[in-house]
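> Per our numbering, residue 5 is the first one in the sequence shown, and the count goes up by one each step. Where a beta carbon is used, it is the ideal one built from N, C-alpha and C, also for glycine. Note that the coordinates shown come from a computational prediction; the quantities given were computed from them, not determined experimentally.
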Amino acid sequence: MPIAIKNLSYVYNEGTPFAVRALDGITLSINAGEFVGIIGQTGSGKSTLIQHMNGLIRPALGQVFVAGQDLADPKTNLKAVRQRVGLVFQYPEHQLFEETVFKDVAFGPTNQKLSPEEIEQRVVEALTWVGLDPDEFKDRSPFELSGGQMRRVAIAGVLAMRPQVLILDEPTAGLDPRGRDELLDQLSTLHAKSGMTIILVSHSMDEIARVATRLVVLEQGQIVADGPPRQVFSNAKKLAEIGLGVPQVTELMIALRQRGLAVPPVALTVEEAKQAILALLDGGQER
Ligand code: ADP
Ligand code: MG
């Protein structure tokens, strides 16, 4: 299993009046090939948790294993871990700095001292994954692109390292609906075709419902739900208690049931809701 976290806690500014307990006894195993959505209110510990997954924060209390390696062990090579576990920060486009898209995406592979042919291949592959035509974009300045394109260039820079695990911290924040949908589709395709493990931090249930096969809900540094999205959404009341909703289509199902219609309690996509409602209408006609 690529990532195993055992009883992990983390306090910022430990021992000062500004101490904040960000993680509180997290135990979580993520298997190769999963597409995990992590959701929770602002301040629930999402960013702190994922920064533990690639050694950006060394575990202080509890354990984090990546591919069996203990990240608290001083002998563990964290640089190698970071190549395996690629982390895309919030607003990653703020970290673009090269004069061409090619150079920006090539930055990691270049540092790894790969051959020019290998670097070129990695850049073309990574740009293709994020839906940017390499020939069209590689010589352009990242700073003349749209916000969504810049973000995709930044994500390509992480993909160019060919990580086994890709973690993205709120990658759709600030994108327009079309940019958001495109990015989610690209991540789905990447997951399906490459078998990469993907961990997506989001504050949108609609988003997670579309792409993730597993949903982890954080509240005040603790995991309060963990399972297939359908199962987690079936407990809409508990999610509401911690200030999180369910996807809009699931809300629709709940509202229909409250009016006495025998639709399933959860729908993950508009298409699924449509089919459920049509099935009910068909059933009605037969009677
Ligand atoms: P999320 O990503 O879910 O919004 P974070 O992991 O950023 O949550 O934050 C969890 C808690 O830790 C919050 O109370 C936040 O204020 C606090 N925190 C996050 N980063 C720092 C930091 N660098 N210094 C002090 N406190 C922090
Ligand atoms: Mg965060």
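1) Check the Cβ-Cβ distances between Val134 and every residue of chain C, and say whether any is below 8 Å.
2) Using a Cβ-Cβ cutoff of less than 7 Å, which residues in the same chain neighbour Arg291 once the five nearest sequence positions on both sides are dropped?
3) Between the region 54-63 and the region 78-92, can you find at least three pairs of beta-carbon atoms closer than 8 Å?
4) In whole angstroms, give me the CA-to-CA distance for Gln73 and Gly90.
5) Relative to the alpha-carbon of Asp180, which residue among Pro113, Ala196, Lys241 and Ser150 has its alpha-carbon at the smallest distance?
6) Rank Glu121, Ala23 and Arg86 by C-alpha distance to the C-alpha of Ile54 and give the top, closest one.
7) Quick check: the Cα distance between Ala26 and Lys50, rounded to an integer number of angstroms?
8) Can you give me the start and stop residues for the alpha helix (DSSP H) that Glu102 sits inside?
9) Using a Cβ-Cβ cutoff of less than 8 Å, which residues in the same chain neighbour Gln252 once the five nearest sequence positions on both sides are dropped?
10) For the ligand ADP, is there any heavy atom lying closer than 7 Å to the beta carbon of Ser51?
11) Where Thr254 and Met154 are concerned, what is the direct C-alpha to C-alpha distance, given to the nearest angstrom?
Judging by the given coordinates:
1) In the displayed structure, chain C is absent; only one protein chain is listed.
2) Residue placement at Arg291 cannot be trusted, given a pLDDT of 46 that sits under 50; what the coordinates show is reported in the next sentence. So no residue of the chain qualifies.
3) yes
4) 16 Å
5) Ser150
6) Arg86
7) 9 Å
8) Unbroken run through Glu102: none, as it is neither H nor E.
9) Asp210
10) yes
11) 33 Å
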